[in-house]
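Sequences listed follow chains A and B, in order.
When the letters of the first sequence are read in order and numbered with the numbering used here, they come out as residues 457 to 681.
When the letters of the second sequence are read in order and numbered with the numbering used here, they come out as residues 457 to 681.
Glycine included, each C-beta is placed from N, C-alpha and C at the ideal position.
2 protein chains.
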Amino acid sequence: MEQLKILVVDDEARMRKLVKDFLTVKGFRVIEAGDGEEAVDLFFAQKDIALIILDVMMPKMDGWEVVKAIRQHSKVPIIMLTARSEERDELQGFDLGVDEYISKPFSPKILVARVEAILRRSSGTASDILSVGGIRIDKAAHQVTIDGVPIELSYKEFELLTYFVENQGLALSREKILNNVWNYDYFGDARTIDTHVKKLRSKMGEKGDYIKTIWGMGYKFEVTA
Amino acid sequence: MEQLKILVVDDEARMRKLVKDFLTVKGFRVIEAGDGEEAVDLFFAQKDIALIILDVMMPKMDGWEVVKAIRQHSKVPIIMLTARSEERDELQGFDLGVDEYISKPFSPKILVARVEAILRRSSGTASDILSVGGIRIDKAAHQVTIDGVPIELSYKEFELLTYFVENQGLALSREKILNNVWNYDYFGDARTIDTHVKKLRSKMGEKGDYIKTIWGMGYKFEVTA
DNA sequence: CTTTTTTGTGAAAACTCTGTGAAAATGTGG
DNA sequence: CCACATTTTCACAGAGTTTTCACAAAAAAG
């Protein structure tokens, strides 16, 4: 397996070196940035950074601003390093899309453990399971079972069903479905959703009825008792 | 808007605190329980708990037993926290009525996102629900119930009723109704409104009388005591 | 009380949207 | 480059919705 790249951003060179050493031992490739601007530039230049470790307090552009800038275009996992006193910020910044916080001083062992945990999750090994009305969706395994019987779904079908279940009870316009299940830059025919719904319904047997048509509007997933 | 109560059950105080902090920031009220028995007692004592987050591994009474006990009497949404080691097979077979499984370690961000998703659909966000005189309009679900009984409305009927309810007590000219419920580029006969009103009234049963005719002018929605 | 105007109503017509099967395009792995 | 699976497009039939229309009923006006 190739090395995963981790971007470490801190204005103190000593801190960067400390983190870098531990991560390097664990087989990661570490890229350093000394301030926020450099971090953002590097991130978008590199393309394949798997995770960012980010100090909050930095000159020029602080950690929060970096998060905002990067979150405009990327969902890369971000770990924030905060001083113990900044506990309140921790929760505020959580809104911005930070994945974890580690407060200084921290043990390198914990840092490495968190990094590994996050990468494990984001690489899809997390086993989150949705379950409703006998339909089980294992997102990690990309597997659906109905009343315990596995069914075969294509990638799009799986994504679509997951979206339905995650938003059960809500009326979903085709527009909305396209924006969430397809990439936002998809400009094809919205009727392709209909075709996928057809296949889903047929593969789901009688539980296909849980996908309701809302005439003139879209679809809704709802389990009827 | 009032706070929704969430019951967090875990034997580790540290884990409870973590979850509690993040949920509190998002405006939820968190109640804690340290073991299964306490959880069940608290749940039935409190009455208005909107969601339960439940660890599987606990002393005395484990997560599964808690689910069983609670499912006897309640359909409250339940999120289960499972350790990675607990194999999927274990979860795969039986369906006790858990809504979602999240495996540890999880990112608080994901947990909160799932909590919000579940509550959004199960209680309907306040702003999305109009309720007056036994008529309940759930805009998000595109669903109307009268005295708790769902009724089937077409797209236009739904839009029209929503417009009436949002402007209850006001006399609405046909002109005005057309401009708001129909597209502004509609140039058909205003009498089509009459037809829709007729259908609405009949589908609404005796509550159809809430839609009053204002002779020579238009209509008005008003709940009479 | 009659006329005029406006609304209620049922049915038909016009229209729109969805389901569906098949074909075309796209992607994937050998 | 070829087979294979998946995704998207297309066209048409059928289902459901919206609009129109004609006439009856109700309300205001004279």
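- In this structure, the beta-carbon distance from Leu567 (chain B) to Ile558 (chain B) falls below 8 Å.
- In this structure, the straight-line span from the alpha carbon of Lys612 (chain A) to that of Asn623 (chain A) is close to 16 Å.
- Residues of chain A with a Cβ closer than 7 Å to the Cβ of Ala596 (chain B) are, in chain order, Leu626 and Ala627.
- Given a length threshold of 3 residues, each whole run of the beta strand (DSSP E) inside the segment 475 to 510 of chain A is given here in chain order: 485 to 489.
- Distance from Leu537 (chain A) to Ile509 (chain A) at the Cβ level is roughly 7 Å; contact confirmed, criterion being Cβ atoms closer than 8 Å.
- Just so you know, the alpha carbons of Lys659 (chain B) and Glu631 (chain B) end up roughly 24 Å apart.
- Residues of the same chain with their beta carbon placed closer than 7 Å to that of Ser563 (chain A) are lacking, with the five preceding and five following residues left out of the count.
- Judged by their CB atoms, Val621 (chain B) and Ile585 (chain B) are not nearer to each other than the 8 Å cut-off.
- CA-to-CA, the gap between Leu656 (chain B) and Ile633 (chain A) works out to about 29 Å.
- Listed along chain A, the residues sitting closer than 8 Å to Lys565 (chain B) by beta-carbon distance are Phe550, Gly553, Val554 and Asp555.
- A contact is defined here as three or more CB-CB pairs under 8 Å, and the segment 491 to 503 of chain A meets this definition with respect to the segment 513 to 526 of chain A.
- In this structure, Val523 (chain A) places its C-beta atom within 8 Å of the C-beta atom of Val554 (chain A).
- In the three-state DSSP reduction, Thr618 (chain B) falls in the helix class (H, G or I).
- In the DSSP assignment, Asp645 (chain A) falls outside any beta strand (DSSP E) and carries neither an H nor an E.
- Collapsing the DSSP output to three states places Ala469 (chain A) in a helix.
- Leaving aside the five residues that flank Gly674 (chain A) on each side, the residues in its chain whose CB is nearer than 6 Å to its CB run, in chain order, Leu628, Ser629 and Arg630.
- The three-state reading of DSSP puts Lys655 (chain A) in helix, counting H, G and I together.
- For Leu626 (chain A), no alpha helix (DSSP H) encloses it, and the DSSP letter there is neither H nor E.
- Using a 10 angstroms sphere on the CB of His529 (chain A), the tally of other CB atoms stays under 16, which defines it as exposed.
- The beta-carbon distance between Ile505 (chain B) and Leu463 (chain B), rounded to whole angstroms, is 5 Å. This is short enough to meet the 8 Å contact definition.
- At a cut-off of 8 Å between beta carbons, Asn639 (chain A) makes no contact with chain B.
- Rounded to whole angstroms, the separation of the alpha carbons of Ile607 (chain B) and Val637 (chain A) is 30 Å.
- In this chain, Lys668 (chain A) is not harboured by any alpha helix (DSSP H); it is covered by the beta strand (DSSP E) spanning Ile667 to Ile670.
- Of all residues in the segment 506 to 532 of chain B, none has a C-beta nearer than 8 Å to a C-beta of chain A.
- Following the DSSP letters along the chain, one finds Glu521 (chain A) in no beta strand (DSSP E) but inside the alpha helix (DSSP H) bounded by residues Gly519 to Arg527.
- Out of B:Val496, B:Lys461 and B:Glu488, the CA that lies nearest to the CA of Ala469 (chain B) is found in B:Glu488.
- A distance below 7 Å between beta-carbons, with the five flanking residues on each side excluded, links Val486 (chain A) to the following residues of its chain, in chain order: Ile462, Val464, Lys476, Leu479 and Thr480.
- Between Lys676 (chain A) and chain B, the shortest Cβ-Cβ separation is below 8 Å.
- By the 16-neighbour rule on beta-carbons within 10 angstroms, Leu617 (chain A) is buried.
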